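Novice: Questions regarding the structure given below will be posed in turn.
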Amino acid sequence: MSTGKINVSVENIFPLIKKFLYSDHEIFLRELISNATDATTKLKHLINIGEAKVEYGNPMIEVKIDKDAKTISIKDQGLGMTAEEVEKYINQVAFSGAEEFLEKYKDSAKDAGIIGHFGLGFYSAFMVADKVEIFTKSYKDEPAVHWICDGSPEFTLEETDKSDRGTEILLHIAEDSTEFLDDFKIRELLLKYNRFNQIPIKFGTKTETLPLPEGAAEDAKPETIEVDDIINNPNPAWTKNPSELTDEDYKKFYSELYPMQFEDPLFHIHLNVDYPFNLTGILFFPKLSNSLNIEKDKIQLYQNQVFVTDEVKGIVPDFLMLLRGVIDSPDIPLNVSRSYLQADGAVKKISSYITKKVADKMVELIRNNREDYEQKWNDIKVVIEYGMVTEDKFYEKSDKFMLYPTTDGKYLLWDELIENIKDKQTDKNGKTVILYASNTDLQDSYIQTAKAKGYEVLLMDSPLVPHLIQKLESTKDKVTFARVDADNINKLIEKDEPVIAKLNDGEKENLKKSIEEAINSQTYTVQLEDLDSNDAPFSITQPEFMRRMKDMQQMGAPS
Ligand code: ADP
Ligand code: MG
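Using the working numbering, read the sequence shown as starting at 10 and increasing by one per residue.
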C-alpha cells in the first residue's frame, strides 16, 4: 500500500472542477463511459497490432446503481491500469492518457475512435461524488490495484484481488446529487449521450418473450427470459459505408434518431470526409411544410459516437438548422462551452464543408431526377432560399439547383428563366424584368393580365423573397424584379401595339376618376385594362418601392 499527494499546482483543484469545469453535472456519466469506451478501444487496437496477447471477447460496459450503498458503478473490460499507470494517468490531473496513446500509436491509431482529449474527464466524477474508488486490473500480468480518493488531494493506492481484466469506477454519490441514484435518470442520460456509443452498454436486464415453438398448443404460454438490457446501438448508419446502405436503412435510422417523427425524410446526404479533417454524418431534409418540429428534433453533434450537443447554432450555418441528422467528428471538442465551439477553427471548417456538400447534393439530385426534385420543391425551397441569402458559398452555386416556379406550373432554373423572357420582358433601361406574384391565388387578375400580355410570372410566396430579390438584383447583370401587382407591367416595352380599350377617351377618363375617388388613396394608381382580352377591366397598383418597404417591415430587416 502506498499513499501520496496528487500532483496539482493548486492546493485543492476539486472545488474548482466542481464549480467551473462543466456547467452540467450530469456529464460525469458521459465522461466515465467515454473512458471505459477508450479503454476497450485501446485494448482492441493493441491486440490488432500484436502488442497485447489476450482475448478481446465481446466486451461491454456495465452501469449499475446501488441505492442502499448510494453508489454508481461503471465497469469495463478494457485494457485496465497497473499501479504505475494509475499514478501516471489518474493522479496527474490534466494529463491525458488518451492523447498520450494517440501520440504513441500515431499512424495506426489515428482512426481508432479514441474519445479522450484533455485529461480532465475523470475528475468530473467529483461533481457528483464525494468519494471515488477505482478497481482495475491491467491486461498485462500485474496485480490489480484499488485507488480511493475522497475529493481532497490525498489518495490511497493498494493492491487488491480483482481477477478479471478491466476497470470499475465506483462513485459514492454526494448528498446533493442523489438524483443520480434514480434508474430513470441514469437511463435518460445514457440514452442522451451514449445511444450510439461504440461499445455496448448494459444497464440492468429486461424480459424478453421467446417465440412459441412450432406446433405448440394454442393455449401455450410463451416462455420469457431475462436478458441484458443493452441501451445503445454501437453501429449506427452514419458509421457505415454509404454503399452498404439502402434507402430503407436511411429511413430506419431517421426514425431511430427521431422516434416521435412519423414522416419519412425527403432525402439524405451522407457526409464522409477524411481530409483535411475527419467528419462523418447523415443529414436529412425533413418535410418542412407539414411538420415544423424544428424546435425539438434538431441536428445532433457527436464526437466519436458520443453526443456533444444539439445546440448547433453557430456551428452549422443557420440555414442548415432546418435540416435534421447527425454530424460526427473527432475534431469536435467534447468538453467545452458553446462559445468556445463557435470560435474553434475546426468547427468553422466543418461548417463551410457542410455547406458545400449540401450544395453539391442539390446539384446531384436535380440532375438525377428533375421531376422528383420539382415535386419536393415546396418542402425544400425554404432551406435553399435561406441558404442563398445567408451563405455566399451556397449562393454562388445556387444557379444549378434553385428553381423559380412560374404561375403556370413550370419550375425553371435561372438560365432557363432568363432565356424564356429576355426578349419580351425588358424595361426602358434595357434590364430584363422578372415579374412575380407573391400570392398563391392563380386566378388573381394581375396575374391574368400579365399572362394575357404573354409575360412569364413567377410565383414567389415565401417570406424570404424580399431578401432573395435584393441578393439576385445586386449580383445578376441587368435584371430587375417587379411585382405583378405593382405599377410595373406598364413600364415594360411592349412588342405589339398597345391594346385599346373599347371606351373612348372621355369615358375612360371618367371611369378612372370614379374608381380613384372610390379608393381614395394617394399611393395607388388606377390603370384601365383591355376589356376584350381579360376579365379584369382595370387594375389598382402601388409603386414597387412601397411594396418592398412593406415587405421588409413585415419580416424585419435582414441582419
Ligand atoms: P482523457 O480521457 O481526456 O485522457 P481523463 O481524465 O478522462 O482524460 O482520463 C485520464 C486517463 O486515465 C485516461 O486517459 C486513461 O489513461 C486513464 N483512465 C481513465 N479511465 C480509465 C478506464 N476505465 N480504463 C483504463 N484507463 C482509464
Ligand atoms: Mg476521458
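Here a beta-carbon is modelled for each residue, glycine too, at the ideal position from N, C-alpha and C.
Nothing here was measured: the structure is a model prediction, and the numbers come from that model.
Please identify the residue among Tyr395, Asn438 and Val466 whose C-alpha is closest to the C-alpha of lysine 419.
Specialist: By one-based count along the sequence shown, residue 419 stands at place 410. Comparing Cα positions, the closest option is Val466.
Novice: Is isoleucine 341 near the ligand ADP, in the sense that its beta carbon is under 7 Å from a heavy atom of that ligand?
Specialist: Residue 341 sits at position 332 when you count from the first residue of the sequence shown. No, since every heavy atom of the ligand ADP falls outside the 7 Å radius drawn around the Cβ of isoleucine 341.
Novice: Could you pull out every residue in the same chain whose Cβ sits closer than 6 Å to the Cβ of serine 361, ignoring the five residues on either side in sequence?
Specialist: To locate residue 361, count along the sequence shown from 1; it is residue 352. Taken in chain order, the list of residues that qualify is empty.
Novice: With a cut-off of 8 Å, do at least 3 Cβ pairs link the segment 181-191 to the segment 130-145?
Specialist: yes
Novice: For the ligand ADP, I want to know if glycine 106 counts as a neighbour, meaning its beta carbon is within less than 7 Å of at least one of the ligand's heavy atoms.
Specialist: As a position in the sequence shown, residue 106 is number 97, starting the count at 1. It does: the Cβ of glycine 106 is within 7 Å (strictly closer) of some heavy atom of the ligand ADP.
Novice: Which residue comes first and which comes last in the beta strand (DSSP E) that contains aspartate 237?
Specialist: Sequence index remark: in the sequence shown, residue 237 carries index 228 (1-based). Start and end: 233-239.
Novice: Can you grab the Cα-Cα spacing for the pair alanine 566 / histidine 476, in whole Å?
Specialist: As a working mapping, residue 566 is identified with position 557 in the sequence shown. As a working mapping, residue 476 is identified with position 467 in the sequence shown. Unreliable positioning characterises alanine 566 in this predicted model, as indicated by a pLDDT of 47, which lies under 50. A coordinate reading is not provided.
Novice: Quick check on the DSSP output: what are the complete alpha helix (DSSP H) runs of length 4 or more inside the segment 379-451, in order along the chain?
Specialist: 379-399, 401-406 and 423-430
Novice: Quick check: the segment 191-203 against the segment 71-85, are at least 3 beta-carbon pairs closer than 8 Å?
Specialist: Cβ pair count under 8 Å is three or more, so yes.
Novice: Out of curiosity, what's the CA-to-CA distance linking glutamine 101 and alanine 107?
Specialist: Looking up residue 101 in the sequence shown gives position 92. Looking up residue 107 in the sequence shown gives position 98. Cα to Cα, glutamine 101 sits roughly 13 Å from alanine 107.
Novice: Rounding to the nearest angstrom, what Cα-Cα distance links isoleucine 589 and proline 231 in this structure?
Specialist: Outside the modelled stretch of the chain, which goes from 10 to 568, sits residue 589, for which no answer is possible.
Novice: Would leucine 41 pass as a contact of leucine 88 if the rule is Cβ separation under 8 Å?
Specialist: Here residue 41 refers to the residue found at position 32 of the sequence shown. Here residue 88 refers to the residue found at position 79 of the sequence shown. Their beta carbons are not under 8 Å apart, which means leucine 41 does not touch leucine 88 by this criterion.
Novice: Short check: CB of glutamate 94 to CB of leucine 198, under 8 Å?
Specialist: Looking up residue 94 in the sequence shown gives position 85. Looking up residue 198 in the sequence shown gives position 189. No, the pair does not count as a contact, with Cβ atoms beyond the cut-off.
Novice: Starting from the C-beta of serine 18, find all residues in its chain whose C-beta is less than 8 Å away, skip the five residues before and the five after it, and write them out in chain order.
Specialist: Here residue 18 is taken as the residue at index 9 of the sequence shown, counted from 1. At serine 18 the pLDDT is 49, less than 50, meaning the model places this residue with poor confidence and gives no usable figure here.
Novice: Express the C-alpha separation of leucine 468 and threonine 435 in angstroms, rounding to a whole number.
Specialist: By one-based count along the sequence shown, residue 435 stands at place 426. By one-based count along the sequence shown, residue 468 stands at place 459. The alpha-carbon atoms of threonine 435 and leucine 468 are separated by roughly 19 Å.
Novice: For methionine 90, which of Gly160, Ala45 and Phe410 has the nearest alpha-carbon?
Specialist: As a working mapping, residue 90 is identified with position 81 in the sequence shown. Methionine 90 has its Cα closest to that of Ala45, out of Gly160, Ala45 and Phe410.
Novice: Do the CB positions of aspartate 408 and aspartate 424 come within less than 8 Å of each other?
Specialist: By one-based count along the sequence shown, residue 408 stands at place 399. By one-based count along the sequence shown, residue 424 stands at place 415. Yes. Within cutoff.
Novice: Using the rule of at least 16 other Cβ atoms within 10 Å of the residue's Cβ for burial, across every protein chain shown, is alanine 153 buried or exposed?
Specialist: Within the sequence shown, numbered from 1, the residue matching residue 153 stands at position 144. Classification of alanine 153: buried, given that the 10 Å Cβ count is 16 or more.
Novice: Please classify methionine 234 as buried or exposed, where buried requires at least 16 neighbouring CB atoms within 10 angstroms.
Specialist: Within the sequence shown, the letter at position 225 stands for residue 234. A quick correction: the sequence has isoleucine, not methionine, at residue 234. Burial is judged here by how many other beta carbons sit within 10 angstroms of a residue's own beta carbon; isoleucine 234 has fewer than 16 and is exposed.
Novice: Ignore the nearest five residues each way along the sequence and tell me which others in isoleucine 81's own chain have a CB closer than 6 Å to its CB.
Specialist: Locating residue 81 in the sequence shown gives position 72, where the first residue counts as 1. Hits under 6 Å: Ile74 and Leu180.
Novice: Would you call the CB atoms of proline 285 and glutamine 312 closer than 8 Å?
Specialist: On the sequence shown, residue 285 is found 276 positions in, with the first residue counted as 1. On the sequence shown, residue 312 is found 303 positions in, with the first residue counted as 1. No, the pair does not count as a contact, with Cβ atoms beyond the cut-off.
Novice: In terms of residue numbering, what span does the alpha helix (DSSP H) encompassing serine 264 cover?
Specialist: On the sequence shown, residue 264 is found 255 positions in, with the first residue counted as 1. That run of the alpha helix (DSSP H) goes 256-266.
Novice: Could you name the residues that DSSP lists as bridge partners for asparagine 281?
Specialist: Counted from its first residue, the sequence shown places residue 281 at position 272. Paired residues: Thr289.
Novice: Around the C-beta of glutamine 384, are 16 or more other C-beta atoms found within 10 angstroms, so that it is buried, or is it exposed?
Specialist: Within the sequence shown, numbered from 1, the residue matching residue 384 stands at position 375. Under this definition glutamine 384 is an exposed residue.
Novice: The beta strand (DSSP E) spanning glutamine 312 covers which residue range?
Specialist: For the purposes of this step, residue 312 is identified with residue 303 of the sequence shown, where counting begins at 1. Counting along the chain, the beta strand (DSSP E) containing glutamine 312 begins and ends at 309-312.
Novice: Do the CB positions of alanine 229 and leucine 221 come within less than 8 Å of each other?
Specialist: The residue labelled residue 229 in the question sits at position 220 within the sequence shown. The residue labelled residue 221 in the question sits at position 212 within the sequence shown. Going by C-beta atoms, alanine 229 is nearer than 8 Å to leucine 221.
Novice: What are the uninterrupted segments assigned as alpha helix (DSSP H) that are 4 or more residues long and contained completely in the segment 126-189, given in chain order?
Specialist: none
Novice: According to DSSP, glycine 334 sits in a beta bridge with which residue or residues?
Specialist: For the purposes of this step, residue 334 is taken as residue 325 along the sequence shown, with counting starting at 1. DSSP, once it has assigned bridges, lists Leu292 as partnering glycine 334.
Novice: If you compare alpha carbons, which of Asn281, Asp306 and Asn206 is closest to glutamate 272?
Specialist: Numbered from its first residue, the sequence shown carries residue 272 at position 263. It is Asp306.
Novice: Excluding five sequence neighbours on each side, which residues of the same chain lie with their C-beta closer than 6 Å to the C-beta of tyrosine 413?
Specialist: As a first step, residue 413 is located in the sequence shown; it is residue number 404 there, counting from the start. Taking tyrosine 413 as the centre and dropping the five residues before and after it, the same chain places the C-beta of Leu421, Leu426 and Leu467 closer than 6 Å to its C-beta, in chain order.
Novice: Within the chosen definition, does the segment 236-243 reach the segment 198-213 through at least 3 CB pairs nearer than 8 Å?
Specialist: yes
Novice: Apart from the five residues on each side of it in sequence, which residues of its chain come closer than 6 Å, Cβ to Cβ, to phenylalanine 262?
Specialist: Numbered from 1 along the sequence shown, position 253 holds the residue referred to as residue 262. Around phenylalanine 262: Ala246.
Novice: Looking at the unbroken alpha helix (DSSP H) that takes in alanine 461, where does it start and where does it end?
Specialist: Numbered from its first residue, the sequence shown carries residue 461 at position 452. Unbroken alpha helix (DSSP H) run through alanine 461: 454-461.
Novice: Does the beta-carbon distance from valine 325 to isoleucine 291 come in below 8 Å?
Specialist: As a working mapping, residue 325 is identified with position 316 in the sequence shown. As a working mapping, residue 291 is identified with position 282 in the sequence shown. With contacts defined as CB atoms closer than 8 Å, valine 325 and isoleucine 291 fail to qualify as a contacting pair.
Novice: Would you check whether the ligand MG has a heavy atom nearer than 7 Å to the C-beta of asparagine 44?
Specialist: As a position in the sequence shown, residue 44 is number 35, starting the count at 1. Answer for asparagine 44: yes, Cβ within range of the ligand MG.
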